[in-house]
Amino acid sequence: MKNMFIFLVSLLIISTAIVSPVLANEKPYITTQTPITLFSTQDGETEAVLSFSNVKPYDYKLLAKDSFTVIHLGPDHPPIVKTVYGTIPVSILGTPTMAMSSDGRYGIATNHSWRIEGSSIDKLTYPKGVPLTNRDLTPDMLEEQQLSPQLSNMICVVDLYDNNHPVTDRILIDDQPIHILSHPDGERFFALAKENFLTYKLDNGKLVELERSEIPYGTGCFWIHPDGNHILASISKRTPGEPAIPKWFKIDGNKVIYICDLEIDPSLDTEYMDSGVILRITPDGKRGFICQRCLYNGQDLCDVLIADLTLEKPRITQVVKQVGDGLESFAFHPNGKMAVVTCLEKTKNSLAVLDIESDPPRLLYHLDAASLSQGVEFTPEGDKLFLGSPGHGRVEVYDVLGDFEIVKNQKFIKIGYGHNSLSIGPRYFPKKN
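Here the sequence shown is numbered in our numbering, starting from 1 and rising by one per residue.
Take a look at the structure:
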């Protein structure tokens with residue numbers, strides 16, 4: 001017994017000696033290896049989905065303002081966080097990513113007038129006398145800071161460096177812009193609307209339209225190929241029973257040209273659904289991962305579809321079966337081995353971890369996640385994962401401990417309610433003369 005006691009004490013001393021240096025070097029706040037900025041947008045209309053109102057029964061009166069949160073992270077300071085309310089409109093009906101300029105100075109967000117007929121958001125009533133649509137707006141109004149027209153078709157630019165994070169530009173669109181991303185060249189931005197791709201550049205915080213490309217009609221999501229010459233988009237006509245079809249496009253100068261639809265290999269036991277539009281391309285450009293059913297149904301589990309983008313006509317060649325009730329978004333770890341997908345469920349949300357190095361890719365495990373998980377991003381070094389939640393008004397933090405090991409950190413970052421997108425980029429620092 002005495003020998004056993006001595007052994008346990010010795011083991012405790014050794015363990016303490018090993019762990020203590022790690023704990024001693026760990027900051028009492030969330031850090032990142034390099035300075036980065038997170039840009040989160042929040043849709044006040046999400047209140048209608050989650051019933052934040054204390055009115056029972058819910059009266060469908062909009063109470064919350066749209067907002068965005070700027071989060072600066074780095075190796076030697078606590079998170080610098082500011083949420084700005086009522087200066088831009090954004091919508092949760094779309095994809096959970098927006099655009100940032102390549103230097104991290106500007107964030108760019110879209111808003112649109114499309115609503116799912118009969119949904120909780122469609123039933124909302126808005127404060128009287130407040131501008132809602134493009135028709136309600138004047139040029140003078142567009143110059144004001146406090147302006148958040150919920151049913152406008154608009155793209156906004158905000159300054160992520162200025163401590164007040166002012167809106168530097170607003171442009172009205174005669175289409176419904178759903179999604180916007182930065183091009184790999186660091187100079188241009190492409191926005192997907194119902195009828196067109198729109199191509200822009202930034203000039204001192206102002207958007208300049210370069211091109212407008214007519215495309216097959218529908219709402220959807222897209223990702224720009226790392227080669228800068230192609231786009232993978234998934235477009236839905238939102239007709240019940242009619243599937244959302246991924247499409248392959250070519251970028252020719254500033255023009256976007258439709259090439260083909262992606263077919264599913266007949267050998268695969270899967271199919272397209274009518275609400276699966278969110279997708280993402282792997283950093284090496286070889287594969288596209290496509291969500292099925294962006295809303296949960298509480299009845300069954302759906303698949304992750306994987307497209308081979310190295311083919312002359314890309315098609316779906318692999319599938320990971322029964323990943324979650326509804327799938328919302330992807331993030332790829334820099335190691336090229338691991339991917340995560342957010343799972344929307346009627347009970348409690350989860351995060352699915354995939355091994356994408358294996359052939360075929362496989363589901364490894366699920367982790368607990370906050371309600372209605374939306375935007376998800378790894379740090380550039382891959383040591384942390386950020387996950388936004390509209391239901392809990394927070395960005396959750398996960399620590400990456402190995403090639404496939406992710407552990408939830410108890411610390412998180414508070415943001416406005418209704419999170420709908422999360423973008424990550426370098427922290428902007430002015431150039432010294």
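Using N, Cα and C, we set each Cβ at its ideal position, and we do this for glycine too.
Which of helix, strand or coil DSSP assigns to Thr46: Counting from 1 along the sequence shown, the entry for residue 46 is found at position 46. In the structure shown, Thr46 sits in a helix (DSSP, three-state: H, G or I).
Sufficient close CB pairs (3 or more, under 8 angstroms) joining the stretch 187-194 to the stretch 157-166: Contact fails: fewer than three Cβ-Cβ distances are below 8 angstroms.
Distance CB(Pro314)-CB(Gly276) smaller than 9 angstroms: Against the sequence shown, residue 314 aligns to sequence position 314. Against the sequence shown, residue 276 aligns to sequence position 276. Result no, Cβ atoms of Pro314 and Gly276 do not sit closer than 9 angstroms.
Arg438 in three-state terms, based on DSSP: Because the chain here runs from 1 to 433, residue 438 falls outside it and cannot be looked at.
Beta-carbon proximity check, Phe248 vs Asp261, cutoff 9 angstroms: Counting from one through the sequence shown, the residue named residue 248 turns up at place 248. Counting from one through the sequence shown, the residue named residue 261 turns up at place 261. The sequence given here places Trp at residue 248; Phe does not occur at that position. Yes, the Cβ-Cβ distance between Trp248 and Asp261 is below 9 angstroms.
Short Cβ contact (9 angstroms threshold) for Gly382 with Pro334: By one-based count along the sequence shown, residue 382 stands at place 382. By one-based count along the sequence shown, residue 334 stands at place 334. Yes; because the gap between Cβ atoms is below 9 angstroms, this pair is in contact.
Beta-carbon spacing of Ala29, His77 below 9 angstroms: Walking along the sequence shown from the start, residue 29 turns up at place 29. Walking along the sequence shown from the start, residue 77 turns up at place 77. Checking the sequence shown, residue 29 turns out to be Tyr, not Ala. Yes.
Continuous alpha helix (DSSP H) assignments of at least 4 residues falling wholly in the stretch 188-235: With a minimum length of 4 residues, no continuous alpha helix (DSSP H) run stays inside the stretch 188-235.
Among Gly375, Val304, Pro246, Ile80, the one whose alpha carbon lies nearest that of Ile36: The residue given as residue 36 occupies position 36 in the sequence shown. Of the listed residues, the one whose Cα sits closest to Ile36 is Ile80.
Arg394 classed as buried or exposed, judged by whether at least 16 other C-beta atoms fall within 10 angstroms: Here the question's residue 394 lines up with position 394 in the sequence shown. So Arg394 ends up on the buried side.
With 16 other Cβ atoms within 10 Å as the buried cut-off, status of Arg362: As a position in the sequence shown, residue 362 is number 362, starting the count at 1. Under this definition Arg362 is an exposed residue.
Contacts around Leu305, its chain only, beta-carbon distance under 7 angstroms, and the 5 residues preceding and following it disregarded: Here the question's residue 305 lines up with position 305 in the sequence shown. Excluding residues within five positions, the ones whose Cβ falls inside 7 angstroms are Thr270, Ile290, Gln292, Ile316, Val319.
Residue range of the unbroken alpha helix (DSSP H) whose run includes Pro434: Nothing can be reported for residue 434: it is not among the residues displayed for the chain, which extend from 1 to 433.
Pro166 burial status per 10 Å Cβ neighbour count (16 or more: buried): Taking the sequence shown and counting its residues from 1, the one referred to as residue 166 is at position 166. Classification for Pro166: exposed.
Contacts around Tyr228, its chain only, beta-carbon distance under 8 angstroms, and the 5 residues preceding and following it disregarded: The count along the sequence shown starts at 1 and reaches residue 228 at position 228. It is Gly, not Tyr, that sits at residue 228 in the sequence shown. Around Gly228: His183, Pro184, Asp185, Ile251.
8 angstroms contact criterion, which Glu357 and Gly336 should meet: CB distance rounded: Residue mapping note: residue 357 aligns to position 357 of the sequence shown, counting from 1. Residue mapping note: residue 336 aligns to position 336 of the sequence shown, counting from 1. Contact holds; Cβ gap of about 7 angstroms.
Backbone secondary structure at Arg293 - three-state DSSP: Residue numbering aside, residue 293 sits at position 293 when the sequence shown is read from its first letter. Coil.
For Arg280, the three-state DSSP class (helix, strand or coil): Position 280 of the sequence shown, counted from the start, is the residue given in the question as residue 280. Arg280 falls in the strand class under three-state DSSP.
Closest residue to Leu181 among Tyr58, Glu143, Ile215, Gly107 (Cα-Cα distance): Taking the sequence shown and counting its residues from 1, the one referred to as residue 181 is at position 181. Of Tyr58, Glu143, Ile215, Gly107, the residue nearest in Cα terms is Gly107.
Nearest-angstrom Cα separation, counted from Lys194 out to Gly253: Counting from one through the sequence shown, the residue named residue 253 turns up at place 253. Counting from one through the sequence shown, the residue named residue 194 turns up at place 194. About 21 angstroms.
N- and C-terminal bounds of the beta strand (DSSP E) containing Ile108: On the sequence shown, residue 108 is found 108 positions in, with the first residue counted as 1. That run of the beta strand (DSSP E) goes 106-111.
Helix, strand or coil at Asp136 [DSSP, three-state]: Numbered from 1 along the sequence shown, position 136 holds the residue referred to as residue 136. Correct three-state label for Asp136: helix.
Residue from Thr199, Val70, Pro89 whose Cα sits closest to the Cα of Thr83: To locate residue 83, count along the sequence shown from 1; it is residue 83. Out of Thr199, Val70, Pro89, Val70 has the C-alpha closest to the C-alpha of Thr83.
Expected contact under 8 angstroms - CB spacing of Val400 and Lys384 to nearest Å: By 1-based counting over the sequence shown, the position of residue 400 is 400. By 1-based counting over the sequence shown, the position of residue 384 is 384. Sure, about 6 angstroms apart at Cβ, within 8 angstroms.
Nearest-angstrom Cβ-Cβ length linking Cys221 and Ile278, presumed shorter than 8 angstroms: For this step, residue 221 is matched to residue 221 along the sequence shown. For this step, residue 278 is matched to residue 278 along the sequence shown. 5 angstroms between Cβ atoms; contact.
Rounded separation between Ile281 and Gln299 - CA only: The residue labelled residue 281 in the question sits at position 281 within the sequence shown. The residue labelled residue 299 in the question sits at position 299 within the sequence shown. Computed Cα separation, rounded: 29 angstroms.
CA-to-CA distance, Thr41 to Lys61, given in whole angstroms: Start at 1 with the first residue of the sequence shown, and residue 61 comes out as number 61. Start at 1 with the first residue of the sequence shown, and residue 41 comes out as number 41. Lys61 and Thr41: Cα-Cα distance of roughly 21 angstroms.
Beta-carbon spacing of Asn409, Gly375 below 9 angstroms: Here residue 409 refers to the residue found at position 409 when the sequence shown is read from its first residue. Here residue 375 refers to the residue found at position 375 when the sequence shown is read from its first residue. Using a Cβ distance threshold of 9 angstroms, Asn409 and Gly375 do not count as a contacting pair.
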